[in-house]
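J.: Each protein sequence line maps, in turn, to chains P and V. All residue numbers for the first sequence refer to my numbering, where the first residue is 143 and numbers rise by one. All residue numbers for the second sequence refer to my numbering, where the first residue is 143 and numbers rise by one. Just dropping this structure here.
Protein chains: 2
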Amino acid sequence: MISVDEAQARILAAFTPTGTEVVDLAHLAGRVLANDVKSPSDQPPFPASAMDGYAVRRSDGEAPRKVIGSAPAGHPFLGPVGPGETVRIFTGGVIPDGADAIVIQEEVDIVGGDVQFNASAMRPDFIRTAGLDFKAGDILVPAGKRITPRDMALLAAGDITEAKVRRLPRVAIASIGDELSAPGSPRQPGGIAASTGYGLSAMIAMWGGAPCDFGILPDNAQEIATVADADAELVVTLGGVSVGDHDLVQKALGTADFELDFWKVAMRPGKPLIFGRLGKTPILGMPGNPVSALVCAILFLRPAIDAMLGTAASQRTTSARLKQDLPANDGRQTYIRARLIHEGGDVWAEPFALQDSSMLSVLAKADALVVRAPDAPPAATGDRTEIIPLDGY
Amino acid sequence: MISVDEAQARILAAFTPTGTEVVDLAHLAGRVLANDVKSPSDQPPFPASAMDGYAVRRSDGEAPRKVIGSAPAGHPFLGPVGPGETVRIFTGGVIPDGADAIVIQEEVDIVGGDVQFNASAMRPDFIRTAGLDFKAGDILVPAGKRITPRDMALLAAGDITEAKVRRLPRVAIASIGDELSAPGSPRQPGGIAASTGYGLSAMIAMWGGAPCDFGILPDNAQEIATVADADAELVVTLGGVSVGDHDLVQKALGTADFELDFWKVAMRPGKPLIFGRLGKTPILGMPGNPVSALVCAILFLRPAIDAMLGTAASQRTTSARLKQDLPANDGRQTYIRARLIHEGGDVWAEPFALQDSSMLSVLAKADALVVRAPDAPPAATGDRTEIIPLDGY
Chain P
143 MISVDEAQAR ILAAFTPTGT EVVDLAHLAG RVLANDVKSP SDQPPFPASA
193 MDGYAVRRSD GEAPRKVIGS APAGHPFLGP VGPGETVRIF TGGVIPDGAD
243 AIVIQEEVDI VGGDVQFNAS AMRPDFIRTA GLDFKAGDIL VPAGKRITPR
293 DMALLAAGDI TEAKVRRLPR VAIASIGDEL SAPGSPRQPG GIAASTGYGL
343 SAMIAMWGGA PCDFGILPDN AQEIATVADA DAELVVTLGG VSVGDHDLVQ
393 KALGTADFEL DFWKVAMRPG KPLIFGRLGK TPILGMPGNP VSALVCAILF
443 LRPAIDAMLG TAASQRTTSA RLKQDLPAND GRQTYIRARL IHEGGDVWAE
493 PFALQDSSML SVLAKADALV VRAPDAPPAA TGDRTEIIPL DGY
Chain V
143 MISVDEAQAR ILAAFTPTGT EVVDLAHLAG RVLANDVKSP SDQPPFPASA
193 MDGYAVRRSD GEAPRKVIGS APAGHPFLGP VGPGETVRIF TGGVIPDGAD
243 AIVIQEEVDI VGGDVQFNAS AMRPDFIRTA GLDFKAGDIL VPAGKRITPR
293 DMALLAAGDI TEAKVRRLPR VAIASIGDEL SAPGSPRQPG GIAASTGYGL
343 SAMIAMWGGA PCDFGILPDN AQEIATVADA DAELVVTLGG VSVGDHDLVQ
393 KALGTADFEL DFWKVAMRPG KPLIFGRLGK TPILGMPGNP VSALVCAILF
443 LRPAIDAMLG TAASQRTTSA RLKQDLPAND GRQTYIRARL IHEGGDVWAE
493 PFALQDSSML SVLAKADALV VRAPDAPPAA TGDRTEIIPL DGY
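Structural data, given as structure tokens:
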């Protein structure tokens, strides 16, 4: 058995970024950039007013100004502002030649058609210099970043209409087990509905991959070996990794061109995890228990997808305080399903009483996994503990 | 001017949940349930083994057991287990009649074909009772919950093949301003690319709505009034809310059937916010500055979408420690763009030096908004402060 850290490192080492494709601006959200995207131009492209007011020359001091025109956004004033002159201007309007400050409209009096104000009204100048937001050649969004809605607005402001991104990594999912049938389909005695694959597909899509369903396979080496045909960057099997004294998936893959990297990780839930290569394709054999499989997905599949996207690991642990005592841990790293409670300016983790690895109802209600290191000493109520938040997945 | 809290409350009061539609299991992730989804059956449907081992009768004590058959998952053993008998069983296998404990395979010796073990090996029993995960009639996922990948697995396990969810709320976006043109299209002097709408569309989709682009409209009351034609549950306008002394959007809508709820919120960035009704359709007039508009979207549009989805508010504030001193605040609630730094088991918020509401580059880099209440006293480095994390949007 190897540690969780070693298993994560070995899995990460097995993946390289996928190829690229060019995607238009409107569809970039959630995609990962293959290259830095640089701005072709300055933003704003010209010195612009930050407020509604009057564009003035500072050197005129407090002398009244004569209004010679206006500069709304999108309609520049076409002449210079001379001594004693001003141009009515609006937020986003181009600063006319000769002007070097904006006096906001709240600070002026209109007297006999002239604009009057105190000298102090010319500080600050309320001018956005050309390139204040970004300059031509600046990196707007760096390679490897997963594009957020805010990045989308930034790219649009930089006149970017398309970008090169990583192709969605294809992850094939095969559910293994004679007991499985599709939800809603007739059930034989002793049968249950295949469930993990639905959760896993949704996680893969959320994490930036393209899930492909390889269906339900029986506990039969020949059938299981057909996963070698999956057209994917990664094959995930669910179940069949720990059946009695032998391992069906390993046995099945032995007939294909399978090279084992590791089997079994010192963790709970999820010990029987296989990782290896099937020809050129990495294969991750996950446990049949749905909770074990989904926890393994969070720990091992998400980093694999990040690696295929060429993006920094998005899994972040944080901390919370324990709502109850925990006993000393054994040699396996343990992930305890817990509710998070926001109380007194702090976050508390309250483990669920039942932690059986078949209980999807508990995992679905959980807000976080409390991480217990191998051989961790007992922990007391109020102690800070490492957690993996499960927001959204 | 009204407070942010009052503005949020007035906006929330204006929305009711959208109608419903039935969606099949594979497409439920991210949708919001209109009704509780209850399980039609127990899970597991039968008492099942939690381990690989042997199904035994406790009352036989330590007597050797004769193996009379096997019960892999999906293949129940069809007879009872009599005195002195045992059935080889695997994880997920049906507990045969007569058996009341599983002895795990690691605890047995096979002697002359018989299975031998110590009595202590029969505790715990490693039996998952029927309905351990959930029982027929239990609520699997409650009405109003946005379905996560884990919920998907749970619904599948409950044999749910479809569910009634809220229709995606349609949100029309109109970008207003003579200075605007689409990214990549030719630009007149003083013009800039329309950018906010791209970020806003991606946010709306991420928050569970259906964005519809109403395009770019000039600063012209007649053109702006055409937003009354949008086929949407909510119309959002960007810009045109504070042009000089008058408000173009209000003026434009005055010609349509517009009823103002409020105008101007005591906040920074984002003061010139309009909310009202256009006939039956709520309309949210947001500022033209992209940062102001996107901050207003986070504060006001997301709760509106939540209300239309009939789901609990998903905006959660949390806390961080300040990396620098902050001056006293004025009467407007202020949202400061900041980076979050994880250091020494704590989270620190470091405000960016430049906070201009035109600077999308700063908003895109920010991890959180630091919330400063109206008239907040100065804050010192190390003080805890309220933040709105911007994860993913």
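Backbone N, C-alpha and C fix where the C-beta goes; we use that ideal spot for every residue, glycine too. Keep in mind that this is a model prediction, so the values were computed, not measured.
Could you tell me whether any Cβ in chain V is nearer than 8 Å to the Cβ of P:Leu296?
T.: As a working note, residue 296 of chain P is residue 154 in the first sequence. By this cut-off, P:Leu296 is an interface position.
J.: Can you tell me the Cα-Cα spacing of V:Asp202 and V:Ala261, whole angstroms?
T.: What you label residue 202 of chain V is simply residue 60 of the second sequence in a count that begins at 1. What you label residue 261 of chain V is simply residue 119 of the second sequence in a count that begins at 1. Approximately 9 Å, taken between the alpha carbons.
J.: Rounded to whole angstroms, what's the CA-CA distance from P:Ala335 to P:Leu496? Just pull it up for me.
T.: As a working note, residue 335 of chain P is residue 193 in the first sequence. As a working note, residue 496 of chain P is residue 354 in the first sequence. Roughly 22 Å separates the two Cα atoms.
J.: Pull out every residue of the stretch 482 to 506 of chain P whose Cβ sits closer than 9 Å to any Cβ of chain V, in chain order.
T.: When CB distances to chain V are screened at a threshold of 9 Å, the residues of the stretch 482 to 506 of chain P falling below it are His484, Gly487, Asp488, Val489, Leu496, Asp498, Ser499, Ser500, Met501, Leu502, Ser503, Val504, Leu505, Ala506, in chain order.
J.: Just mark P:Thr158 as buried or exposed, buried being the case when its beta carbon has 16 or more other beta carbons within 10 Å.
T.: Walking along the first sequence from the start, residue 158 of chain P turns up at place 16. By the neighbour-count rule (16 or more Cβ atoms within 10 Å), P:Thr158 is not buried but exposed.
J.: Between which two residues does the alpha helix (DSSP H) carrying V:Glu528 extend?
T.: On the second sequence, residue 528 of chain V is found 386 positions in, with the first residue counted as 1. Element bounds for V:Glu528: not the alpha helix (DSSP H) but the beta strand (DSSP E), 526 to 531.
J.: Quick one: grab the DSSP three-state call for P:Leu443.
T.: Taking the first residue of the first sequence as 1, we reach residue 443 of chain P at position 301. Note: P:Leu443 maps to helix in three-state DSSP.
J.: Out of V:Pro424, V:Ala506, V:Leu420, state which residue places its alpha-carbon closest to the alpha-carbon of V:Leu376.
T.: Residue mapping note: residue 376 of chain V aligns to position 234 of the second sequence, counting from 1. If you compare the alpha carbons of V:Pro424, V:Ala506, V:Leu420 with that of V:Leu376, the shortest gap goes to V:Pro424.
J.: Please name the residue or residues paired with V:Gly195 in a DSSP beta bridge.
T.: Looking up residue 195 of chain V in the second sequence gives position 53. Answer is V:Ile231, V:Ile246, bridged to V:Gly195.
J.: Using a Cβ cut-off of 8 Å (strictly closer), state whether P:His436 contacts chain V.
T.: For the purposes of this step, residue 436 of chain P is taken as the residue at position 294 of the first sequence. The residue asked about is misnamed: residue 436 of chain P is Leu in this sequence, not His. Yes, contact with chain V.
J.: What does a CB cutoff of less than 7 Å around V:Thr233 pick up in its chain, not counting 5 residues either side in sequence?
T.: Position 91 of the second sequence, counted from the first residue, corresponds to residue 233 of chain V. Hits under 7 Å: Ser191, Ala192, Met193, Asp194, Ala215.
J.: Which two residues bound the contiguous alpha helix (DSSP H) that contains P:Ile366?
T.: Taking the first residue of the first sequence as 1, we reach residue 366 of chain P at position 224. Its alpha helix (DSSP H) spans residues 363 to 366.
J.: Pick helix, strand or coil for P:Pro432, following the three-state DSSP scheme.
T.: In the first sequence, counting from the first residue as 1, residue 432 of chain P sits at position 290. Of the three classes helix, strand and coil, the one that applies to P:Pro432 here is helix, per DSSP.
J.: When we look at the beta-carbon of V:Gln475 and count the other beta-carbons within 10 Å, is it buried (16 or more) or exposed?
T.: Sequence index remark: in the second sequence, residue 475 of chain V carries index 333 (1-based). The residue is buried, with at least 16 neighbouring Cβ atoms inside 10 Å.
J.: Does the beta carbon of P:Asp202 sit closer than 8 Å to a beta carbon anywhere in chain V?
T.: Locating residue 202 of chain P in the first sequence gives position 60, where the first residue counts as 1. No, its Cβ sits nowhere closer than 8 Å to a Cβ of chain V.
J.: If we cut at 8 Å on Cβ distances, does P:Arg479 have a partner in chain V?
T.: To locate residue 479 of chain P, count along the first sequence from 1; it is residue 337. No, its Cβ sits nowhere closer than 8 Å to a Cβ of chain V.
J.: On the CB-based measure, 16 or more other CB atoms within 10 Å of its CB, does P:Pro266 come out buried or exposed?
T.: If you number the first sequence from 1, residue 266 of chain P lands on position 124. Answer is exposed; the Cβ neighbour count stays below 16.
J.: Among the candidates P:Cys438, P:Val513, P:Thr453, P:Thr459, whose CA atom is the shortest distance from the CA of P:Gly172?
T.: In the first sequence, counting from the first residue as 1, residue 172 of chain P sits at position 30. When each option's Cα is compared against that of P:Gly172, the closest is P:Thr453.
J.: Taking the continuous beta strand (DSSP E) assigned at P:Val165, which residues delimit it?
T.: One-based indexing of the first sequence puts residue 165 of chain P at position 23. Segment 162 to 166, the beta strand (DSSP E) holding P:Val165.
J.: Can you tell me whether V:His217 is helix, strand or coil according to DSSP?
T.: For this step, residue 217 of chain V is matched to residue 75 along the second sequence. Three-state DSSP puts V:His217 in coil, outside helix and strand.
J.: Flag P:Asp184 as yes if its beta-carbon sits less than 8 Å from any beta-carbon of chain V, otherwise no.
T.: Here residue 184 of chain P is taken as the residue at index 42 of the first sequence, counted from 1. Output row for P:Asp184: interface = no.
J.: By DSSP's criteria, V:Pro348 is part of a beta bridge. Which residues make up the other side?
T.: By one-based count along the second sequence, residue 348 of chain V stands at place 206. A small correction: the amino acid at residue 348 of chain V is Met; Pro does not occupy that position in the sequence shown. Answer is none; V:Met348 lacks a bridge partner.
J.: Taking the alpha helix (DSSP H) that V:Ala506 belongs to, which residues open and close that run?
T.: On the second sequence, residue 506 of chain V is found 364 positions in, with the first residue counted as 1. 502 to 507 is the span of the alpha helix (DSSP H), which, as asked, contains V:Ala506.
J.: Just the Cα atoms here: how many angstroms apart are P:Cys354 and P:Ile315?
T.: For the purposes of this step, residue 354 of chain P is identified with residue 212 of the first sequence, where counting begins at 1. For the purposes of this step, residue 315 of chain P is identified with residue 173 of the first sequence, where counting begins at 1. Rounded to the nearest angstrom, the two C-alpha atoms are 6 Å apart.
J.: Between P:Phe417 and chain V, is the shortest Cβ-Cβ distance under 8 Å, so that the two count as touching?
T.: For the purposes of this step, residue 417 of chain P is identified with residue 275 of the first sequence, where counting begins at 1. No - not a single Cβ of chain V is within 8 Å of the one on P:Phe417.
J.: Under the rule that 16 or more other beta-carbon atoms within 10 Å means buried, what is V:Val378, buried or exposed?
T.: Here residue 378 of chain V refers to the residue found at position 236 when the second sequence is read from its first residue. Answer is buried; the Cβ neighbour count reaches 16.
J.: Could you tell me the distance, in whole angstroms, from the CA atom of V:Gly226 to the CA atom of V:Ala263?
T.: Walking along the second sequence from the start, residue 226 of chain V turns up at place 84. Walking along the second sequence from the start, residue 263 of chain V turns up at place 121. Distance between the alpha carbons of V:Gly226 and V:Ala263: 16 Å.
J.: Between the stretch 412 to 432 of chain P and the stretch 391 to 400 of chain P, are three or more C-beta pairs nearer than 8 Å?
T.: yes
J.: Does P:Thr423 come out as helix, strand or coil in the three-state DSSP assignment?
T.: As a first step, residue 423 of chain P is located in the first sequence; it is residue number 281 there, counting from the start. Here P:Thr423 sits in strand by DSSP.
J.: If P:Ile483 and P:Lys465 are in contact, beta carbons under 8 Å, what's the gap, nearest whole angstrom?
T.: The count along the first sequence starts at 1 and reaches residue 483 of chain P at position 341. The count along the first sequence starts at 1 and reaches residue 465 of chain P at position 323. Indeed they touch by this definition, with Cβ atoms about 7 Å apart.
J.: Bridge partners for V:Ala374 per DSSP, in chain order?
T.: Sequence index remark: in the second sequence, residue 374 of chain V carries index 232 (1-based). BP columns for V:Ala374 are empty, so no partner.
J.: State the Cα-Cα distance for the pair P:Asp275 and V:Ser327, rounded to the nearest angstrom.
T.: Position 133 of the first sequence, counted from the first residue, corresponds to residue 275 of chain P. Position 185 of the second sequence, counted from the first residue, corresponds to residue 327 of chain V. Distance between the alpha carbons of P:Asp275 and V:Ser327 is about 20 Å.
J.: Which two residues bound the contiguous beta strand (DSSP E) that contains V:Asp488?
T.: By one-based count along the second sequence, residue 488 of chain V stands at place 346. 488 to 493 is the extent of the beta strand (DSSP E) around V:Asp488.
J.: May I ask you to list, following chain order, the residues of the stretch 296 to 326 of chain P that have a beta carbon less than 8 Å from some beta carbon of chain V?
T.: Leu296, Leu297, Ala298, Ala299, Gly300, Asp301, Ile302, Thr303, Gly319, Asp320, Glu321, Leu322, Pro325, Gly326
J.: Rounding to the nearest angstrom, what Cα-Cα distance links V:Ala168 and P:Pro311 in this structure?
T.: For the purposes of this step, residue 168 of chain V is taken as residue 26 along the second sequence, with counting starting at 1. For the purposes of this step, residue 311 of chain P is taken as residue 169 along the first sequence, with counting starting at 1. Computed Cα separation, rounded: 19 Å.
J.: Work out the CA separation of P:Thr368 and P:Leu426 for me, nearest whole Å.
T.: Translated into the one-based positions of the first sequence, residue 426 of chain P becomes position 284. Translated into the one-based positions of the first sequence, residue 368 of chain P becomes position 226. Using only the alpha carbons, I get a separation of about 15 Å.
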